[in-house]
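These notes concern the structure reproduced below.
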Amino acid sequence: MILLLDTHVLLWWLADDPRLTPAMRTAITDPTTSVTVSAASAWEMAIKAALGKLSIPDDLVDQLEQLGFQALSITVEDGLVAGALPRHHDDPFDRMLIAQAVRRRFVLVTADRRLGDYDVRTLA
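In terms of numbering that gives the first Met the number 0, the sequence shown opens at residue 0 and continues consecutively.
Structure representation (structure tokens):
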């Protein structure tokens, strides 16, 4: 199984936040599971950090590497799929994560129940 972490799940993982569910912790630490982090999450985090809404580690790329998390680039195809999604949710970062998960058949790890309105596999 390949997981794609929603931005808040990535932040919770880095902070060992108690909001991570047991299912999330088990799936992320499973040695047979691959964990990916989208460039969309880094972009979202950087924007929110610039606005003073959160802080991100200066060594985020190194931390992801040490954790064995794989970086997921955004493609033109991802953009087209994200733009064509039904308007259940208008957050462009979430729409990109949905598109990436759908296109690659990844499981999107999220606590955002609104994403269940899409035809995407999720783990909460």
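Note that beta-carbon positions come from the ideal geometry of N, C-alpha and C, so glycine has one too.
Computed from a predicted model, the values in this text were never measured in an experiment.
Open item on the list: Taking DSSP's pairing of strands, which residues face A70 in a bridge?
Closed with: Here the question's residue 70 lines up with position 71 in the sequence shown. DSSP, once it has assigned bridges, lists V36 as partnering A70.
Open item on the list: For a quick check, are the C-beta atoms of M44 and L50 less than 8 Å apart?
Closed with: The residue given as residue 44 occupies position 45 in the sequence shown. The residue given as residue 50 occupies position 51 in the sequence shown. Not closer than 8 Å, so no.
Open item on the list: Check this for me: beta carbons of R102 and V75, under 8 Å apart or not?
Closed with: For the purposes of this step, residue 102 is taken as the residue at position 103 of the sequence shown. For the purposes of this step, residue 75 is taken as the residue at position 76 of the sequence shown. The Cβ atoms of R102 and V75 do not sit closer than 8 Å to each other.
Task: Short Cβ contact (8 Å threshold) for L2 with F105 - done: Translated into the one-based positions of the sequence shown, residue 2 becomes position 3. Translated into the one-based positions of the sequence shown, residue 105 becomes position 106. For L2 and F105, yes; Cβs fall inside 8 Å.
Task: Beta-carbon spacing of L71, V34 below 8 Å - done: Walking along the sequence shown from the start, residue 71 turns up at place 72. Walking along the sequence shown from the start, residue 34 turns up at place 35. Not a contact, by the Cβ cut-off of 8 Å.
Task: Simplified DSSP state of V119, which is helix, strand or coil - done: The residue you call residue 119 lines up with position 120 of the sequence shown. In this structure, V119 counts as coil in the three-state DSSP scheme.
Task: Which listed residue (H7, V108, D116, R120) has its alpha carbon closest to that of I55 - done: Here residue 55 is taken as the residue at index 56 of the sequence shown, counted from 1. Minimum Cα distance to I55 is reached at H7.
Open item on the list: Here's the rule I'm using: 16 or more other beta-carbon atoms within 10 Å means buried, otherwise exposed. How should A39 be labelled?
Closed with: As a first step, residue 39 must be located in the sequence shown, where it is residue number 40. Counting Cβ neighbours within 10 Å, A39 comes out buried, since at least 16 surround it.
Task: Residue from D111, L66, G78, Q65 with nearest C-alpha to H87 - done: Taking the sequence shown and counting its residues from 1, one reaches residue 87 at position 88. Taking only the C-alpha atoms, the option nearest H87 is D111.
- [ ] Compare the beta carbon distance of A22 and L84 with 8 Å and say whether it is the shorter of the two.
- [x] Taking the first residue of the sequence shown as position 1, residue 22 is located at position 23. Taking the first residue of the sequence shown as position 1, residue 84 is located at position 85. Going by C-beta atoms, A22 is not nearer than 8 Å to L84.
- [ ] Would you kindly check if the distance between the Cβ of T32 and the Cβ of M0 is under 8 Å?
- [x] Your numbering for residue 0 matches position 1 in the sequence shown. Your numbering for residue 32 matches position 33 in the sequence shown. For M0 and T32, yes; Cβs fall inside 8 Å.
Task: Simplified DSSP state of I1, which is helix, strand or coil - done: As a working mapping, residue 1 is identified with position 2 in the sequence shown. Three-state DSSP puts I1 in a strand.
Open item on the list: Please list the terminal residues of the continuous beta strand (DSSP E) segment that includes L107.
Closed with: As a first step, residue 107 is located in the sequence shown; it is residue number 108 there, counting from the start. Its beta strand (DSSP E) spans residues 106–108.
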